[in-house]
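Trainee: Structure provided below as structure tokens; questions to follow.
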Amino acid sequence: MTSDTAPTSIGARPPALPAEPNAFVGRERDLADLRRLLSETRAVTLCGPGGIGKTRLAVRVARALAGDQPDGVWFIELADVGSGAVDLDPVARRVADVLGLADETGRAPADFLADALRRRRALVVLDNCEHLVEECASLCRTLLARCDRLRILATSREPLRVPGENVWRVPPLSFPAARDEPAGPARHEAVRLFMARATAARPDFALTPGNAPALAELCRALDGVPLALELAAARVRVLSLEQIADRLTDRFRLLTAGDRTAPPRQRTLRAAIDWSHELLDEPERILLRRLSVFAGWSLDQAEQVCADGLLPQEQILDLLTALVDKSLVVVDREVAGETRFRLLESIREYAVERLAEAGEEQALRGRHRAAVLELLEHHAELGVAHRPASWRRRVELYDRYDVEQHNVRVALAWSRERGDVEEGLRLCLAARLFWGPRGHYAEAAKWSDWFLERGGDADPRVLGPALVGRAQLAVERREFDVAETCARAGLEHCRAVGDARTVAAGLGVLVHVAMRAGEDDRALALAEESLSVARAQADPWNEGLAQFWRGVVLLRGAGCARPRPSSSPGPR
Ligand SMILES: Nc1ncnc2c1ncn2[C@@H]1O[C@H](COP(=O)(O)OP(=O)(O)OP(=O)(O)O)[C@@H](O)[C@H]1O
Ligand SMILES: [Mg+2]
């Protein structure tokens, strides 16, 4: 028994660090960074979603630092420690157990632990703190304040928020990011991990030029998360890589073949996410499931789409921050002055299931589409100068589109699924401005044709411009027959409803068709008609284009040598 004055003694030698069950892959830079960080600071928390590799990394860091810790490295596993209903301080008690300290009646365990670790040069690793964040934070606060040579390395899905804590986000393993990037085994950590586990499961398994694209796709779909990659690799015993990649659409059923020696939390992908989901409060759960309708979002968008009577708008910022802290939402880069957020794909699919269970899917997907459409139509108006905006703002619209395009696809797919032709046509029309410069011609044609084929009864105010938009696209794809048919049909609708702006644009398409047919006189007449329609509307965008086409016709052949007087006044 120790008294208040006698130093409490800790077990002479720390137990061995957990054995590594298999080969450790990559993370050389992460290890070097963490060694440096822990030589300069006293508290580091490795944060990240379930299965990202926090524990494996912590064990590696601990092993690398063992030589600098004369009083040892103490690894404390907390995943199986229950919260303090029975025991008031379960974390401190588990640490005391591992340190070999006997209970001291009348003293709080944190108190005699601090005595025992005072002046010790030791590293304490607290593994899996997320379900006991408060208790871990309180112990760390005490130990860091009273033991000035002690270092603490924690792993947690959520930061502890104690003074002096350095939160270090564990990144996914690197994977072939670009669609056409092959899955070279040496270059990407995710590929290396998959191959290591796949060959352990099936020794004759090999990466070939034939299956490498499927592996690259798989690593991308699993966001480079080691646990998910391991669960997928276990399937090579009976499935080809292509089959595994195909079946990822139902990933929660596929990724269930975890190692029986793994903790229950890590035996299936669903269990790994359940563990985090169970730690959320109700408003956080509601927001998480609702965010699953996005393919990336900004705070404004989350507020616009996810808030309602159940989830007041003014709470969204705090709830979103909590989900980021709990490693369920990823903070992406900033675009046009706004921070973007996203969900890892496995978490998104999990949240989609929760959304359906809550019966909110139709409403939320509908709200998502309405928000996408509103934003895209606004951007299209700015883009073609129908609303005033600075040049810089207009250029930024394209950067915005690069991130928004995934949401546009989600909204288009939802419209197709429901057969909402008018909304689909409006999306196609608004996206047209961006599809061209980004070279997404084939995709643009695919979507537009799907909705146009079913759009016979659509409102002519939507159908007309959509047809003209399709005609413009056909010109860009050099499909002049399609261009002419669509432009003529579109012009008829636009004239009928008095949409002069689109009439000017549709005439422009016919200029191209006429030039292509070698009918320059007709082309010139059409360009001039387009010009006068645009001028009458005070529509500088179409006026500029009509001037341009007129110039092109005049520059062709004889027109170049003999400029013809315009029937309307020259440029203003
Ligand atoms: N760098 C790596 N090399 C080899 N295997 C790894 C690596 N990182 C993670 N793994 C494996 O992936 C699985 C998940 O890793 P780990 O247990 O470290 O995740 P975690 O982030 O601690 O998850 P949790 O939040 O559930 O505790 C484990 O089976 C682990 O062995
Ligand atoms: Mg862990």
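Residue 486 in the UniProt record's numbering sits at position 486 of the sequence shown, with consecutive numbering throughout.
Backbone N, C-alpha and C define an ideal beta-carbon position, used for all residues, glycine too.
Please report the distance separating the alpha-carbon of residue 573 from that of Asp148.
Mentor: In the structure as shown, the chain starts at 1 and stops at 572, and residue 573 therefore has no counterpart that could be examined.
Trainee: State yes or no: is the beta carbon of Ala471 nearer than 7 Å to at least one beta carbon in chain B?
Mentor: Checking the listed chains, one finds no chain B in this structure; it contains a single protein chain.
Trainee: Alpha carbon to alpha carbon, how far is Pro571 from Leu320?
Mentor: As a working mapping, residue 571 is identified with position 571 in the sequence shown. As a working mapping, residue 320 is identified with position 320 in the sequence shown. Residue placement at Pro571 cannot be trusted, given a pLDDT of 43 that sits under 50; what the coordinates show is reported in the next sentence. Between Pro571 and Leu320, the C-alpha separation is close to 52 Å.
Trainee: Considering only C-alpha positions, which residue in the set Val410, Asp127, Arg550, Leu291 is nearest to Ser532?
Mentor: Sequence index remark: in the sequence shown, residue 532 carries index 532 (1-based). Comparing Cα positions, the closest option is Arg550.
Trainee: Do Val124 and Leu113 have their C-beta atoms within less than 7 Å of each other?
Mentor: Start at 1 with the first residue of the sequence shown, and residue 124 comes out as number 124. Start at 1 with the first residue of the sequence shown, and residue 113 comes out as number 113. No, the Cβ-Cβ distance between Val124 and Leu113 is not below 7 Å.
Trainee: Check whether the Cβ atoms of Leu17 and Arg63 lie closer than 7 Å to each other.
Mentor: Position 17 of the sequence shown holds residue 17. Position 63 of the sequence shown holds residue 63. Result yes, Cβ atoms of Leu17 and Arg63 sit closer than 7 Å.
Trainee: Hey, how far is the Cα of Met1 from the Cα of Met195?
Mentor: In the sequence shown, counting from the first residue as 1, residue 1 sits at position 1. In the sequence shown, counting from the first residue as 1, residue 195 sits at position 195. Low local confidence applies: a pLDDT of 38 at Met1 is under 50, so the model's placement there is unreliable, and no value is given.
Trainee: Rounded to whole angstroms, what's the CA-CA distance from Ala198 to Ala370? Just pull it up for me.
Mentor: Residue numbering aside, residue 198 sits at position 198 when the sequence shown is read from its first letter. Residue numbering aside, residue 370 sits at position 370 when the sequence shown is read from its first letter. Straight-line Cα distance between these residues: approximately 44 Å.
Trainee: Which class does Val513 belong to by DSSP, given the choice of helix, strand or coil?
Mentor: Position 513 of the sequence shown holds residue 513. Three-state DSSP puts Val513 in a helix.
Trainee: Let me make sure I understand the geometry here. Which of Leu288, Val98, Ala430, Gly439 has the alpha-carbon closest to that of Glu374?
Mentor: Walking along the sequence shown from the start, residue 374 turns up at place 374. That would be Ala430, whose Cα lies nearest to the Cα of Glu374.
Trainee: Taking 8 Å as the threshold, find out whether the segment 263-277 comes into contact with the segment 339-353 through three or more Cβ pairs.
Mentor: Result yes; three or more Cβ-Cβ pairs closer than 8 Å.
Trainee: If you run the structure through DSSP and keep just helix, strand and coil, what is Ala272?
Mentor: Your numbering for residue 272 matches position 272 in the sequence shown. Three-state DSSP puts Ala272 in a helix.
Trainee: Apply the 10 Å Cβ neighbour rule to Ala534 and answer buried if 16 or more other Cβ atoms are within range, or exposed otherwise.
Mentor: On the sequence shown, position 534 is the one that residue 534 refers to. Buried: at least 16 other Cβ atoms inside 10 Å.
Trainee: In this structure, how does DSSP classify Val553 when only helix, strand and coil are distinguished?
Mentor: Start at 1 with the first residue of the sequence shown, and residue 553 comes out as number 553. In this structure, Val553 counts as helix in the three-state DSSP scheme.
Trainee: Who are the Cβ neighbours of Val305 in its own chain at under 6 Å, not counting the five residues just before and after it?
Mentor: Translated into positions along the sequence shown, residue 305 becomes position 305. For Val305, where only same-chain residues beyond five positions count, the Cβ hits under 6 Å are Arg367, His368, Ala371.
Trainee: What does a CB cutoff of less than 7 Å around Glu130 pick up in its chain, not counting 5 residues either side in sequence?
Mentor: For this step, residue 130 is matched to residue 130 along the sequence shown. Result list for Glu130: Ser156, Arg157, Glu158, Leu279, in chain order.
Trainee: Report yes if the C-beta of Lys54 is less than 6 Å from at least one heavy atom of ligand 1; otherwise report no.
Mentor: As a first step, residue 54 must be located in the sequence shown, where it is residue number 54. Yes, since a heavy atom of ligand 1 falls inside the 6 Å radius drawn around the Cβ of Lys54.
Trainee: What did DSSP end up calling Val468 once you bin it into helix, strand or coil?
Mentor: Here residue 468 is taken as the residue at index 468 of the sequence shown, counted from 1. Three-state result, Val468: helix.
Trainee: Between the C-alpha atoms of Ala302 and Gly72, what's the straight-line distance to the nearest angstrom?
Mentor: Taking the sequence shown and counting its residues from 1, the one referred to as residue 302 is at position 302. Taking the sequence shown and counting its residues from 1, the one referred to as residue 72 is at position 72. Each residue's alpha carbon lies about 47 Å from the other.
Trainee: Looking at the structure shown, is Ala561 part of a helix, part of a strand, or coil, going by DSSP?
Mentor: As a first step, residue 561 is located in the sequence shown; it is residue number 561 there, counting from the start. In this prediction, Ala561 has a pLDDT of 46, which is less than 50 and means its spatial position is unreliable; nothing more can be read from the coordinates.
Trainee: Buried or exposed for Thr261, going by 16 or more other Cβ atoms inside 10 Å?
Mentor: Taking the first residue of the sequence shown as position 1, residue 261 is located at position 261. Thr261 should be labelled exposed.
Trainee: Unbroken beta strand (DSSP E) runs of length 3 or more, entirely within the segment 331-357: which are they?
Mentor: Listed in chain order, they are 338-342.
Trainee: Going by CA-CA distance only, name the one from Ser138, Ala145, Asp103 that's closest to Arg118.
Mentor: Here residue 118 refers to the residue found at position 118 of the sequence shown. The option with the nearest alpha carbon to Arg118 is Ala145.
Trainee: Ligand 4 and Asn211: does the residue's C-beta get closer than 6 Å to at least one heavy atom of that ligand?
Mentor: Ligand 4 is absent from the structure shown, which contains only ligand 1 and ligand 2.
Trainee: What's the C-alpha gap between Gln243 and Gln266?
Mentor: Taking the sequence shown and counting its residues from 1, one reaches residue 243 at position 243. Taking the sequence shown and counting its residues from 1, one reaches residue 266 at position 266. Going from the Cα of Gln243 to the Cα of Gln266 covers about 23 Å.
Trainee: With DSSP as the reference, please indicate the residues paired to Val125 in a beta bridge.
Mentor: One-based indexing of the sequence shown puts residue 125 at position 125. Partner(s): Phe75, Leu153.
Trainee: Express the C-alpha separation of Val331 and Ser39 in angstroms, rounding to a whole number.
Mentor: Here residue 39 corresponds to residue number 39 of the sequence shown, with the count starting at 1. Here residue 331 corresponds to residue number 331 of the sequence shown, with the count starting at 1. One C-alpha to the other measures close to 28 Å.
Trainee: Let me know if Gln69 comes out buried or exposed under the rule of 16 or more other beta-carbons within 10 Å of its beta-carbon.
Mentor: Sequence index remark: in the sequence shown, residue 69 carries index 69 (1-based). With 16 or more other Cβ atoms within 10 Å, it is buried.
Trainee: For the segment 443-457 and the segment 416-435, state whether three or more C-beta atom pairs, one from each stretch, are separated by less than 8 Å.
Mentor: With the cut-off at 8 Å, the segment 443-457 and the segment 416-435 touch.
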